[in-house]
Amino acid sequence: MTSGLAGRGVGVAGASTPPPAVDDVLDVRGLRTEFVGKEGTVSAVRNVSFTVRRAEKVAVVGESGCGKSALALSILGLIEPPGRVVGGEIWLNGRDISRFSERELRAVRGNEISLVFQDPMSALDPVKTIGAQIVEAIQRHQPNLGRRGAQGLALSLLREVEVPNAERRLNDYPHQYSGGMRQRVMIAIALANEPDLLIADEPTTALDVTTQAQVLDLLEKLVSDRGAAVVLITHNLGIVAEFCDRVQVMYAGRFVERAGVEDVFRRPTHPYTEALLRSVPRPDRLELGPLPSIPGSPPNLAHLPAGCTFEPRCPLGHGREICATVPPPPIQVGNPARVVAECHFARERWEAGEAS
Amino acid sequence: MRHGMPRLIAGRTLSSLSAIFGASLISFIFLRLVPGNPARLFLGQFASQDAVDKLVEQMGLKDPIYVQYYKYMWGFLRGDWGFSYTTGQPVTTQLGHRLPATIELGLYAFLFAFVGAVALAVIATYRRRPVVDGSVRAMSFFGLGTPPFWFGLVLLVVFSERLHLFPGPDGRLSIDSTQPPSITGLYTVDALVTGNFATFADALWHIVLPAIALGLAPLAFLVRLLRANLLDVSREPFIVVVRSKGIGRFSAFARHALPNAFLPTLTAAGLILGQLLAGSVLVEKVFNWPGAGALVTDGILRQDYAVVQAFILLSAVVYVVVNLVVDILYGVIDPRVRVVTAVA
Amino acid sequence: MSEATFVDRSPERLRIGGRLAAAARYVVRDRELLIATILLGILVLLALFGPLVWTENPNGIDVGAALQSPSLAHPMGTDGNGRDIFARFNEGARISLAVGALVVLASALVGGTIGLVAGLWRGLTDSLLMRALDAILAFPPLILAMAVTVGLGVGLKTAALGTMLACVPYFARLLRSDVLRLRALPYVEAAVALGATRKRIVLRHIFPHTASTMLIQSAAVFGYAILTLAALGFVGLGAQIPTPEWGAMITDGLQYALTGQWWVALFPGLGLLAAVVAANIYADRARDILDPRGEFARV
Chain A
1 MTSGLAGRGV GVAGASTPPP AVDDVLDVRG LRTEFVGKEG TVSAVRNVSF
51 TVRRAEKVAV VGESGCGKSA LALSILGLIE PPGRVVGGEI WLNGRDISRF
101 SERELRAVRG NEISLVFQDP MSALDPVKTI GAQIVEAIQR HQPNLGRRGA
151 QGLALSLLRE VEVPNAERRL NDYPHQYSGG MRQRVMIAIA LANEPDLLIA
201 DEPTTALDVT TQAQVLDLLE KLVSDRGAAV VLITHNLGIV AEFCDRVQVM
251 YAGRFVERAG VEDVFRRPTH PYTEALLRSV PRPDRLELGP LPSIPGSPPN
301 LAHLPAGCTF EPRCPLGHGR EICATVPPPP IQVGNPARVV AECHFARERW
351 EAGEAS
Chain B
1 MRHGMPRLIA GRTLSSLSAI FGASLISFIF LRLVPGNPAR LFLGQFASQD
51 AVDKLVEQMG LKDPIYVQYY KYMWGFLRGD WGFSYTTGQP VTTQLGHRLP
101 ATIELGLYAF LFAFVGAVAL AVIATYRRRP VVDGSVRAMS FFGLGTPPFW
151 FGLVLLVVFS ERLHLFPGPD GRLSIDSTQP PSITGLYTVD ALVTGNFATF
201 ADALWHIVLP AIALGLAPLA FLVRLLRANL LDVSREPFIV VVRSKGIGRF
251 SAFARHALPN AFLPTLTAAG LILGQLLAGS VLVEKVFNWP GAGALVTDGI
301 LRQDYAVVQA FILLSAVVYV VVNLVVDILY GVIDPRVRVV TAVA
Chain C
1 MSEATFVDRS PERLRIGGRL AAAARYVVRD RELLIATILL GILVLLALFG
51 PLVWTENPNG IDVGAALQSP SLAHPMGTDG NGRDIFARFN EGARISLAVG
101 ALVVLASALV GGTIGLVAGL WRGLTDSLLM RALDAILAFP PLILAMAVTV
151 GLGVGLKTAA LGTMLACVPY FARLLRSDVL RLRALPYVEA AVALGATRKR
201 IVLRHIFPHT ASTMLIQSAA VFGYAILTLA ALGFVGLGAQ IPTPEWGAMI
251 TDGLQYALTG QWWVALFPGL GLLAAVVAAN IYADRARDIL DPRGEFARV
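Pasting the structure below:
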């Protein structure tokens with residue numbers, strides 16, 4: 001399922017843009033987040049814009065350190081010093097939460113947006129029961145349920161995430177759960193208040209492959225039952241193909257490609273996307289020789305190059321003057337426009353792709 | 001799932017008993033090494049040799065060493081801790097009279113240390129202001145490095161002698177205060193319970209400076225520990241998860257970070273007790289506090305070692321027992337320790 | 001890694017003098033460490049050169065000059081017997097620092113050996129040694145030292161012995177756990193498989209790695225040893241008057257403190273404070289530099 005990009009402002013920061021469309025759950029415009037460190041200021045999120053429609057599943061793909069987690073935390077306002085969100089708008093259900101006070105944000109977190117974290121082992125309070133931790137999330141936003149109601153809801157949630165023996169398990173402690181079980185609990189907590197948007201930061205990275213599949217299936221079912229939108233942050237392209245509608249590829253704090261899942265996999269426009277896809281080992285296409293990897297290493301976010309951030313490692317643009325000196329603007333390709341890529345040669349590549 | 005518990009308790013109890021046994025051996029060895037003839041010391045230098053010899057026989061000092069040990073330990077367990085050389089009174093009576101004073105002082109010192117440590121650690125870690133954090137750290141360095149006896153003296157000079165805010169080293173009560181009826185032996189408690197507010201205030205007023213002097217080192221120790229634990233816990237992912245539920249910063253700190261930080265701090269309780277025990281010996285002398293510690297220091301001065309010996313062995317027993325209780329308690333409170341295997 | 005690595009942030013061309021200069025730069029940058037070094041430095045200087053430069057007799061009784069407040073002639077005043085406190089302070093510095101260091105060294109050696117033997121031989125030897133250590137640890141350390149001095153006779157020597165005995169278990173446990181951890185490492189197993197003798201294993205494979213943890217522990221124990229010795233002096237079980245040991249000096253000053261002659265008891269206490277605070281700061285930094293795991297004495 002691809003999405004059309006017609007009629008949406010594509011991330012020009014600061015310009016007076018039309019208000020977000022009604023069926024957009026999330027509309028991020030020009031988000032900028034910085035961390036002040038010993039080596040200088042690190043721009044983790046550099047002028048990022050994207051939208052998520054109701055019940056849509058969007059992937060944010062990238063390597064470690066590209067700013068994915070910072071993006072998630074920035075949206076929720078959970079960036080702590082030495083980090084700071086320094087600019088942009090975050091429109092959630094028609095309200096700009098980037099202007100919200102901490103108090104107002106607290107009403108939103110866990111309620112309209114939820115977060116699922118990546119490390120289930122350390123994501124739960126070790127000295128509180130699972131039940132208590134789910135109830136905490138419920139009571140925060142649904143105090144009208146009262147204690148009994150909240151506990152009842154916690155039980156049904158635990159059942160929904162397919163934890164066996166749910167009734168007894170409510171009184172267990174996190175260390176009595178396995179990794180996969182804990183992740184299910186995390187999902188239960190995240191969905192407790194029927195959020196409109198769920199941000200899942202590498203939800204299955206810490207799990208083994210079989211459990212990964214189970215958890216993902218579960219997530220898919222629950223999310224579609226509730227009509228919640230999902231932003232899935234991952235570096236695992238396999239999951240993306242199965243689960244998501246749209247893909248946004250992140251590199252050095254920006255989205256270098258935004259496209260529907262079919263387009264991303266069939267005809268990647270940005271060279272980085274292509275390189276990522278090529279580096280995934282595929283059992284159905286056995287090639288002899290070393291596994292292709294992307295040469296070089298991700299840029300130091302404290303000292304970014306003047307031109308395209310991918311240029312040093314780009315098979316296409318390395319050494320080219322325009323790539324080294326001018327940061328590529330987001331370019332829409334396709335007719336009707338359906339892919340946005342930040343590459344000077346986006347059009348050429350797209351047209352070349354048409355042939356394949 | 002709780003089958004780890006009895007094993008844990010049994011194991012620890014066993015090692016505690018062996019530790020006490022070993023400690024009693026050490027205590028006994030050093031007791032017997034005391035130069036001079038205990039009988040002679042007891043009877044004084046003018047007693048006749050015959051009398052001394054008779055007492056030696058009576059005290060069992062001619063028995064083989066293991067028999068002596070056995071009698072010593074058996075007596076100790078039954079409450080016979082020997083007789084003070086100088087006063088002739090049984091050591092148990094003397095210690096018994098003095099113990100409540102030491103316990104009261106220890107309790108207030110602990111209260112001071114605990115409340116102070118929590119307050120300081122929370123202040124230092126909650127808002128992460130480097131100046132505040134730095135000064136709390138500096139305080140803890142000073143607290144650990146200050147000799148408690150000297151500090152007590154400094155407190156007295158500054159707050160009592162110069163500023164006249166607190167009483168001088170005249171013990172637990174002013175001369176014109178009436179002693180409260182002996183219910184617990186703790187003057188503040190007894191006075192409060194019997195409605196004698198004047199005495200309560202007086203007793204409290206007297207205990208402030210010595211409690212601070214005694215509690216300084218435990219305070220410093222606890223602050224360091226708690227602060228380190230709080231910092232560790234605050235960085236844990238589950239705190240961010242709690243925040244993502246919409247819980248506020250302070251609530252997350254108070255309801256999730258603090259309890260998790262307290263847990264490992266609990267294990268220091270035994271060490272704190274050790275500090276208080278040793279410290280009371282030092283501080284009571286400075287304040288003329290009529291406690292067991294002062295008894296010991298007096299005993300040392302007068303070479304009345306029966307009291308000192310009893311105190312030493314008693315401290316060891318109490319120390320071991322408290323550590324045992326703390327370990328078991330930790331097992332009860334921390335759900336992770338109980339289970340032998342995790343259930344998937 | 002058995003050597004400390006000092007993080008040197010100065011640009012390449014300014015790197016003079018190699019490691020020592022790098023260390024000096026590191027110390028200057030760290031304010032707490034700087035203070036500690038200054039304090040300790042002053043004390044060491046006073047201890048070493050004080051008696052040479054300031055030639056007043058620390059034991060020189062001059063009743064006529066008793067209880068004089070600090071002045072140029074007597075920078076720290078005089079005590080009840082007219083003795084110059086500054087001179088006594090310097091002597092006291094010698095005693096506290098030297099005996100403290102000796103105690104640490106001795107207990108590190110003894111404790112280290114015990115821990116090594118327990119860790120290498122295991123079995124019955126290990127159990128027995130651990131039981132013995134448990135017995136020692138059953139006492140609050142000061143109390144144990146008191147038992148030793150009461151039993152063996154009071155004085156600085158027995159106080160030192162008692163303190164040493166109390167510190168032994170901390171080193172023993174530390175080394176034992178290190179040995180146990182290290183011998184399980186694959187490369188040690190390999191060495192054994194290759195037929196290395198126990199001695200060789202100890203010297204070449206185990207020792208270098210335990211050196212850093214021992215160093216950290218030593219710094220922490222040093223401060224504690226000084227305090228304990230002074231405490232023993234205070235209660236009268238350690239150095240005896242007229243020996244100018246800081247703890248004993250405080251006891252001496254007790255009687256004068258509340259009648260206005262505060263200097264008799266103040267300065268020795270300041271000396272103790274300075275020495276122990278410095279030692280603790282060093283221990284703290286040593287932990288940061290040498291051992292990222294960093295745990296405190298109760299192993």
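First to last, the sequence lines map onto chains A, B and C. The letter at position 1 of the first sequence is residue 1 when you use this note's numbering, and the numbering goes up by one with no holes. The letter at position 81 of the second sequence is residue 81 when you use this note's numbering, and the numbering goes up by one with no holes. The letter at position 284 of the third sequence is residue 284 when you use this note's numbering, and the numbering goes up by one with no holes. Virtual Cβ for every residue (Gly too), placed ideally from N, Cα, C.
Query raised in the report: Could you give the distance in angstroms between the alpha-carbon of A/Ser297 and the alpha-carbon of A/Ser279?
Result: Taking the first sequence and counting its residues from 1, the one referred to as residue 297 of chain A is at position 297. Taking the first sequence and counting its residues from 1, the one referred to as residue 279 of chain A is at position 279. Taking the straight line from one Cα to the other gives about 14 Å.
Query raised in the report: Whose CA, out of A/Phe243, A/Val256 and A/Asp125, lies closest to the CA of A/Glu262?
Result: The count along the first sequence starts at 1 and reaches residue 262 of chain A at position 262. For the residues A/Phe243, A/Val256 and A/Asp125, the minimum Cα distance to A/Glu262 belongs to A/Phe243.
Query - Three-state class that DSSP yields for A/Leu357 in the structure shown - result: Given that chain A is displayed from residue 1 to residue 356, the structure contains no residue 357 of chain A and the question cannot be resolved.
Query raised in the report: Helix, strand or coil for A/Asn47 per DSSP?
Result: Taking the first residue of the first sequence as position 1, residue 47 of chain A is located at position 47. Assigned with DSSP and collapsed to three states, A/Asn47 falls in strand.
Query raised in the report: Using the beta-carbon count (16 or more within 10 Å), is C/Arg293 buried or exposed?
Result: The sequence position of residue 293 of chain C within the third sequence is 293, counting from 1. With a pLDDT of 48 at C/Arg293, under the threshold of 50, the predicted position of this residue should be treated as unreliable, though the coordinate-derived value follows. Exposed, since its Cβ has fewer than 16 Cβ neighbours within 10 Å.
Query raised in the report: Is the number of C-beta pairs between the region 312-332 of chain A and the region 340-353 of chain A that are closer than 8 Å three or more?
Result: The region 312-332 of chain A, when compared against the region 340-353 of chain A, does touch it at the 8 Å Cβ threshold.
Requested in this report: Go ahead and pull the three-state DSSP assignment for B/Ser18.
Outcome: As a working mapping, residue 18 of chain B is identified with position 18 in the second sequence. Three-state DSSP puts B/Ser18 in a helix.
Report task. Measure the C-alpha to C-alpha separation of C/Trp262 and C/Gly247 and round it to an integer number of angstroms. Result -> Start at 1 with the first residue of the third sequence, and residue 262 of chain C comes out as number 262. Start at 1 with the first residue of the third sequence, and residue 247 of chain C comes out as number 247. Our two residues, C/Trp262 and C/Gly247, have alpha carbons roughly 15 Å apart in a direct line.
Query raised in the report: Taking only beta-carbon atoms, is A/Phe117 less than 8 Å away from chain B?
Result: Position 117 of the first sequence, counting from 1, holds the residue named residue 117 of chain A. True, the Cβ-Cβ gap to chain B drops below 8 Å.
Query raised in the report: Where do the N-terminal and C-terminal ends of the alpha helix (DSSP H) with A/Val240 fall, by residue?
Result: Locating residue 240 of chain A in the first sequence gives position 240, where the first residue counts as 1. Boundaries of the alpha helix (DSSP H) harbouring A/Val240: Leu237 to Phe243, taken from the DSSP string.
Query raised in the report: What's the gap between the Cα of A/Ser156 and the Cα of B/Tyr330?
Result: Here residue 156 of chain A refers to the residue found at position 156 of the first sequence. Here residue 330 of chain B refers to the residue found at position 330 of the second sequence. Their Cα atoms are separated by approximately 33 Å.
Report task. Scan the region 130-145 of chain B for residues whose Cβ lies nearer than 7 Å to a Cβ of chain C and list them as they occur along the chain. Result -> Phe141, Phe142, Leu144 and Gly145
Requested in this report: Would you mind sorting B/Trp150 into buried or exposed? The rule is 16 or more other CB atoms within 10 Å of its CB.
Outcome: As a first step, residue 150 of chain B must be located in the second sequence, where it is residue number 150. Its Cβ being crowded by 16 or more others within 10 Å, B/Trp150 is buried.
Query raised in the report: What residue does the alpha helix (DSSP H) around B/Leu214 start on, and which one ends it?
Result: As a working note, residue 214 of chain B is residue 214 in the second sequence. Element bounds for B/Leu214: Phe197 to Ser234.
Query raised in the report: Is the Cβ-Cβ distance between C/Tyr170 and C/Val221 less than 8 Å?
Result: To locate residue 170 of chain C, count along the third sequence from 1; it is residue 170. To locate residue 221 of chain C, count along the third sequence from 1; it is residue 221. Contact flag set, yes.
Report task. Could you check the C-alpha separation between A/Pro126 and B/Leu186 for me, to the nearest Å? Result -> As a position in the first sequence, residue 126 of chain A is number 126, starting the count at 1. As a position in the second sequence, residue 186 of chain B is number 186, starting the count at 1. A/Pro126 and B/Leu186: Cα-Cα distance of roughly 39 Å.
Query raised in the report: Mapping DSSP to helix, strand and coil, what is A/Gly319?
Result: One-based indexing of the first sequence puts residue 319 of chain A at position 319. In this structure, A/Gly319 counts as coil in the three-state DSSP scheme.
Query raised in the report: Out of curiosity, what's the CA-to-CA distance linking C/Pro303 and B/Leu282?
Result: Here chain C has residues from 1 to 299 only, and residue 303 of chain C is not among them.
Query raised in the report: Does the distance from the CB of C/Ala160 to the CB of C/Leu102 come in under 8 Å?
Result: The residue labelled residue 160 of chain C in the question sits at position 160 within the third sequence. The residue labelled residue 102 of chain C in the question sits at position 102 within the third sequence. Yes, the Cβ-Cβ distance between C/Ala160 and C/Leu102 is below 8 Å.
Query raised in the report: What's the C-alpha gap between A/Gly180 and A/Ala55?
Result: Locating residue 180 of chain A in the first sequence gives position 180, counting from the first residue. Locating residue 55 of chain A in the first sequence gives position 55, counting from the first residue. Rounded to whole angstroms, A/Gly180 to A/Ala55 spans 25 Å at the Cα level.
Query - Close beta carbons around B/Ser27, own chain, < 6 Å, minus the five adjacent residues each side - result: Reading the second sequence from its first residue, position 27 is the one you call residue 27 of chain B. Contacts found: Ile312 and Leu313.
Requested in this report: Look at the alpha carbon of C/Ala274 and the alpha carbon of C/Ala36, and state the distance between them as a whole number of angstroms.
Outcome: Translated into the one-based positions of the third sequence, residue 274 of chain C becomes position 274. Translated into the one-based positions of the third sequence, residue 36 of chain C becomes position 36. Approximately 8 Å between the Cα atoms of the pair.
Requested in this report: For B/Thr86, go through chain C and note every residue whose CB falls closer than 9 Å to its CB, in chain order.
Outcome: Reading the second sequence from its first residue, position 86 is the one you call residue 86 of chain B. Neighbours of B/Thr86 on chain C: none; closest Cβ ~15 Å, over 9 Å.
**Report entry** From C/Leu97, C/Leu33 and C/Asp288, residue whose alpha carbon lies closest to that of C/Leu215
**Finding:** Counting from 1 along the third sequence, the entry for residue 215 of chain C is found at position 215. The residue with the shortest Cα to Cα distance from C/Leu215 is C/Asp288.
Query raised in the report: Looking at the unbroken beta strand (DSSP E) that takes in A/Gly260, where does it start and where does it end?
Result: Locating residue 260 of chain A in the first sequence gives position 260, counting from the first residue. Where A/Gly260 is concerned, the enclosing beta strand (DSSP E) stretches over Arg254 to Gly260.
**Report entry** Beta carbon of B/Ile123 nearer than 8 Å to that of B/Val136
**Finding:** For the purposes of this step, residue 123 of chain B is taken as the residue at position 123 of the second sequence. For the purposes of this step, residue 136 of chain B is taken as the residue at position 136 of the second sequence. B/Ile123 places its beta carbon less than 8 Å from that of B/Val136.
Query raised in the report: Listed from N- to C-terminal order along the chain, which residues in the region 234-266 of chain B have their beta-carbon within a distance smaller than 8 Å of any beta-carbon of chain A?
Result: Hits within the stretch, in order: Glu236, Pro237, Phe238, Val240, Val241, Val242, Arg243, Ser244, Lys245, Gly246, Ile247, Gly248, Arg249, His256, Pro259, Asn260 and Leu263.
Requested in this report: Taking A/Ala252 as the reference, give the member of A/Asp23, A/Asp208 and A/Val61 with the closest Cα.
Outcome: Taking the first sequence and counting its residues from 1, the one referred to as residue 252 of chain A is at position 252. Closest option to A/Ala252, Cα to Cα, is A/Val61.
Query raised in the report: To the nearest angstrom, how far is it from the Cα of B/Leu222 to the Cα of B/Ala261?
Result: Position 222 of the second sequence, counted from the start, is the residue given in the question as residue 222 of chain B. Position 261 of the second sequence, counted from the start, is the residue given in the question as residue 261 of chain B. Each residue's Cα considered, the two are about 11 Å apart.
Query raised in the report: Any idea if C/Gly252 is buried or exposed, counting beta-carbon neighbours within 10 angstroms, 16 or more meaning buried?
Result: By 1-based counting over the third sequence, the position of residue 252 of chain C is 252. Inspection of the sequence shows that residue 252 of chain C is occupied by Asp rather than by Gly. The residue is buried, with at least 16 neighbouring Cβ atoms inside 10 Å.
Query - Closest by C-alpha distance to B/Thr194, when choosing among B/Val320, B/Asp80, B/Ser182 and B/Ala278 - result: Stepping through the second sequence from its first residue, residue 194 of chain B is reached at position 194. Cα-wise, what sits closest to B/Thr194 is B/Ser182.
Requested in this report: Answer with yes or no whether the minimum CB distance from B/Trp150 to chain C is below 8 Å.
Outcome: Stepping through the second sequence from its first residue, residue 150 of chain B is reached at position 150. True, the Cβ-Cβ gap to chain C drops below 8 Å.
Query raised in the report: Hey, which unbroken runs of the alpha helix (DSSP H) at 4 residues or more fall wholly within the region 142-204 of chain B?
Result: 148-155 and 187-193
Query - Chain-ordered residues of the region 243-277 of chain C with a beta carbon less than 9 Å from chain B - result: Trp246, Gly247, Ile250, Thr251, Gly253, Leu254, Ala257, Leu258, Thr259, Gly260, Trp262, Ala265, Leu266, Pro268, Gly269, Leu270, Leu272, Leu273, Ala274, Ala275, Val276 and Val277
Query raised in the report: Taking DSSP as the reference, what is the three-state secondary structure of A/Ala341?
Result: Position 341 of the first sequence, counted from the first residue, corresponds to residue 341 of chain A. DSSP places A/Ala341 in strand when its eight states are reduced to three.
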